[in-house]
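Here is the structure we will look at, set down as structure tokens.
In our numbering, the protein residues as written are -9 to 72.
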């Protein structure tokens, strides 16, 4: 069994939602929230910009950044994974 961390955890005590903006205390359930999970910071910024352009506040956007050294690209044309 392997236990590993991909970075800081997001949980009901620190998640930014429409009821708990920027992770403020409160009830984070049954309200708006967005979680961006990526190892590419450029993709993270693009998703955040798209969410803002769609009208979502940065107060409800939560970053779940994956360390790049834990990411291994999938090789192209290496056959089918069975």
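C-beta atoms are modelled at their ideal positions from N, C-alpha and C, and glycine is treated no differently.
Range covered by the alpha helix (DSSP H) that runs through residue i
i	result
residue 37	31 to 43
Cβ-based neighbour list, residue i, same chain, cut-off 6 Å, excluding 5 preceding and 5 following
i	result
residue 4	13
residue 27	54
residue 2	18
residue 10	16, 18
Same chain, Cβ closer than 7 Å to residue i, five either side skipped, listed in chain order
i	result
residue 20	none
residue 51	6, 24, 26, 38, 41
residue 0	25, 52, 54
For residue i: DSSP bridge partner residues
i	result
residue 55	28
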